[in-house]
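Okay, structure coming up:
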């Protein structure tokens, strides 16, 4: 059975070689760090330090944005209930 699979793979590659090579050479842009890499190297690129650092930074920025959004909602609620808007950092 192993021989049939090897033969099948060789035949498939022979029939589809142009399409396979075209896909491998196609350039794609990483959505995280905006670097252009070959499609066949995208998984390897995702393991690079540049990609990981950018991904981590984006996640931290997203968390900060979520926290700022929550603060804005809470400040709006304070206005609705007519509570003085004092920061906990202003208290001594």
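In my numbering, the protein residues as written are 1 to 92.
Glycine included, each C-beta is placed from N, C-alpha and C at the ideal position.
Problem - Pair within 8 Å by beta-carbon distance, residue 55 and residue 20 - result: no
_Please return the same chain residues whose Cβ sits closer than 6 Å to the Cβ of residue 48, not counting the five positions on each side in sequence._
Cβ neighbours of residue 48 beyond the five flanking positions: none.
Next on the checklist: If you follow the alpha helix (DSSP H) that residue 72 is in, where does it begin and where does it stop?
Outcome noted: 49-80
Exercise. If you run the structure through DSSP and keep just helix, strand and coil, what is residue 44?
Worked result: helix
message: Less than 6 Å between C-beta atoms, sequence neighbours within five positions excluded: which residues of the same chain meet that for residue 37?
response: The residues are 45.
Residue 80 classed as buried or exposed, judged by whether at least 16 other C-beta atoms fall within 10 angstroms: Residue 80 is exposed by the Cβ-count criterion.
Just confirm the distance between the C-beta atoms of residue 39 and residue 60, as a whole number of angstroms; I'd bet it's less than 8 Å.
The pair is not a contact, with the Cβ atoms about 29 Å apart (cut-off 8 Å).
**Asked** DSSP on residue 35, reduced to helix/strand/coil?
**Response** In the structure shown, residue 35 sits in coil (DSSP, three-state: anything other than H, G, I, E or B).
Nearest-angstrom Cα separation, counted from residue 77 out to residue 68: Approximately 14 Å, taken between the alpha carbons.
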